[in-house]
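Take my numbering: the last position of the sequence shown gets the number 322, and nothing is skipped along the way.
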Amino acid sequence: MIEHNGVLYMGALPLMGVASAALFSSSDPQNNGWTPIDLNGDPDKNPRGNVDLLLSFNGHLYVGTALPTGFELWRTNGTTPQKDDWVLVVDKGAGDARNEHPWSLDVFNDHIYIGSAIEVGVRSINPDDPIVSPKGFDVIRVSKDDKWELVVGGKPVVPTEPVTGVRGRALSNFPSGFGDITNGYCWQIKAFNGELYLGTWSWNDLVPLYVPYIPALLTELLPQVGTLSPYLNFLGSVFNPGITELLYTLGARRIGCDLWKTCDGVHWVPVSLNGLGNRYNYGIRTLFVSSEGTLYLGTANPFQGCEVWEKRSD
Numbered sequence: 009m010i011e012h013n014g015v016l017y018m019g020a021l022p023l024m025g026v027a028s029a030a031l032f033s034s035s036d037p038q039n040n041g042w043t044p045i046d047l048n049g050d051p052d053k054n055p056r057g058n059v060d061l062l063l064s065f066n067g068h069l070y071v072g073t074a075l076p077t078g079f080e081l082w083r084t085n086g087t088t089p090q091k092d093d094w095v096l097v098v099d100k101g102a103g104d105a106r107n108e109h110p111w112s113l114d115v116f117n118d119h120i121y122i123g124s125a126i127e128v129g130v131r132s133i134n135p136d137d138p139i140v141s142p143k144g145f146d147v148i149r150v151s152k153d154d155k156w157e158l159v160v161g162g163k164p165v166v167p168t169e170p171v172t173g174v175r176g177r178a179l180s181n182f183p184s185g186f187g188d189i190t191n192g193y194c195w196q197i198k199a200f201n202g203e204l205y206l207g208t209w210s211w212n213d214l215v216p217l218y219v220p221y222i223p224a225l226l227t228e229l230l231p232q233v234g235t236l237s238p239y240l241n242f243l244g245s246v247f248n249p250g251i252t253e254l255l256y257t258l259g260a261r262r263i264g265c266d267l268w269k270t271c272d273g274v275h276w277v278p279v280s281l282n283g284l285g286n287r288y289n290y291g292i293r294t295l296f297v298s299s300e301g302t303l304y305l306g307t308a309n310p311f312q313g314c315e316v317w318e319k320r321s322d
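Shown next as structure tokens:
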């Protein structure tokens with residue numbers, strides 16, 4: 009949901025899969041409710057896919073949509089949304105179809121920064137291919153004249169040929185996920201006090217939990233169980249529940265979500281690479297700047313419950 013020119017705009021999503029873009033507006037939700045915006049026109053002139061994010065910038069309303077062929081970013085041609093009067097700014101996941109979702113969006117130094125995601129690291133919204141190989145997120149930025157550049161990202165997993173631009177070398181020289189394949193989401197991006205903060209969702213803290221189950225899983229999946237049974241028995245003796253705690257101990261400096269920041273949008277430095285010191289914080293779920301000028305950070309932590317951190321303006 010976003011306010012744009014005094015009007016609230018809201019997107020709606022399906023529980024699973026892909027649906028037609030659904031966008032609603034209201035100048036007074038409490039008294040007048042919501043009005044659907046007609047997007048059922050020319051597919052080349054209207055947003056397509058699931059409406060994940062909205063942004064008001066430079067007099068336009070921007071809509072980020074999710075598609076199996078890669079996320080898209082659209083903007084209004086004028087100041088208000090009209091059927092068949094939208095401009096496609098980014099398409100085909102900025103050169104990688106595995107960038108299905110645009111899950112973070114903010115403005116910094118007159119550019120829109122967009123962070124991508126693949127749901128739960130491996131789940132595609134394509135009903136014909138629901139489980140895919142994981143990849144780290146990408147970050148791109150878009151100028152006021154609709155030119156986009158890759159900021160964080162490497163060789164595409166599923167290369168595409170966008171009509172809106174060319175995927176070049178990442179400005180930061182960081183590969184996807186800042187080099188960590190378990191950084192599946194760029195979950196939050198927020199400008200604050202002259203810097204841009206980026207929070208990830210990482211599945212690395214889930215790996216030690218599942219390691220002890222590898223022998224049993226292989227027994228179920230492999231047809232050659234008879235010939236492999238000695239090896240599986242050995243794995244079973246090695247991968248006992250105690251290995252989980254050992255892996256957590258060995259990975260204490262890198263298990264958990266990441267928090268990064270930049271002062272220019274290109275040169276990034278890590279603030280935390282281990283869930284702010286708690287391995288069970290597997291995601292930065294929200295970054296919010298209050299009217300008093302304080303940045304609040306909320307974590308996703310299904311094991312212990314969330315944490316809330318704050319950073320005041322310097």
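Glycine residues also receive a C-beta, built at the ideal position from the N, C-alpha and C atoms. As the structure is a computational prediction, the values presented were derived from the model and not from experiment.
Based on DSSP bridge pairs, tell me the residues matched to residue i.
i      : result
Leu6   : This structure gives no information on residue 6, because the portion of the chain shown stretches from 9 to 322.
Asn58  : Ala74
Ile10  : Tyr17
Ser64  : Leu69
Glu327 : This structure cannot speak to residue 327, because the chain is shown only from 9 to 322.
Pro44  : Phe32
Ile139 : Arg131
Thr87  : Beta-bridge pairing links Thr87 to no other residue.
Pro167 : Asp104
When you compare only the Cα positions, how much space is there between residue i and residue j?
i      : j      : result
Asn282 : Ala74  : 29 Å
Gln312 : Asn289 : 9 Å
Asp93  : Gly176 : 29 Å
Arg83  : Leu69  : 5 Å
Pro138 : Tyr17  : 30 Å
Val215 : Leu47  : 42 Å
Gly301 : Arg149 : 25 Å
Leu158 : Val279 : 22 Å
Thr294 : Val174 : 31 Å
Leu303 : Val297 : 4 Å
Phe182 : Lys143 : 14 Å
Met24  : Ser180 : 34 Å
Val128 : Ser141 : 11 Å
Ser124 : Pro37  : 30 Å
Thr87  : Ile263 : 44 Å
Ile10  : Val316 : 23 Å
Three-state secondary structure (DSSP) at residue i?
i      : result
Leu229 : Residue placement at Leu229 cannot be trusted, given a pLDDT of 49 that sits under 50; what the coordinates show is reported in the next sentence. Reduced to three states, the DSSP call for Leu229 is helix.
Phe182 : strand
Ala29  : coil
Val174 : coil
Leu113 : strand
Leu21  : coil
Gly123 : strand
Leu240 : At Leu240 the pLDDT is 46, less than 50, meaning the model places this residue with poor confidence and gives no usable figure here.
Val95  : strand
Val277 : strand
Val246 : Only weak support is given to the placement of Val246: the predicted model assigns it a pLDDT of 49, under 50, and the value that follows is read from those uncertain coordinates. Val246: helix per DSSP, three-state reduction.
Val159 : strand
Phe311 : coil
Gly264 : coil
Asp213 : helix
Gly327 : Residue 327 falls outside the range modelled here, since the chain spans only 9 to 322, and no answer is possible.
Where do the ends of the alpha helix (DSSP H) carrying residue i lie?
i     : result
Asn40 : 37-40
Which whole-angstrom value describes the C-beta separation of residue i and residue j, a residue pair presumed to lie in contact below a C-beta threshold of 8 Å?
i      : j      : result
Thr172 : Ala105 : So it is not a contact: roughly 15 Å between Cβ atoms.
Pro22  : Asn58  : 7 Å
Trp195 : Gly207 : 5 Å
Gly161 : Leu204 : Not confirmed; about 16 Å, so no contact.
Cys271 : Gly202 : 7 Å
Gly291 : Ala308 : 4 Å
Lys100 : Asn54  : Actually they do not touch by this definition, with Cβ atoms about 17 Å apart.
Phe116 : Ala199 : 4 Å
Asn107 : Phe79  : 6 Å
Trp42  : Ser34  : 5 Å
Ile126 : Gly192 : 6 Å
Need the endpoints of the beta strand (DSSP E) that residue i sits in, please.
i      : result
Gly101 : That residue, Gly101, is in no beta strand (DSSP E); its alpha helix (DSSP H) goes 100-103.
Val71  : 68-74
Tyr288 : That residue, Tyr288, is in no beta strand (DSSP E); it is neither H nor E in DSSP.
Ser210 : 203-210
Lys198 : 191-200
Arg149 : 147-150
Ala267 : Note that residue 267 corresponds to Leu in the displayed sequence, not to Ala. Unbroken beta strand (DSSP E) run through Leu267: 267-270.
May I ask you to check if the CB of residue i is nearer than 7 Å to at least one heavy atom of the ligand FMN?
i      : result
Gly187 : Ligands displayed in this structure: none; no statement on the ligand FMN is therefore possible.
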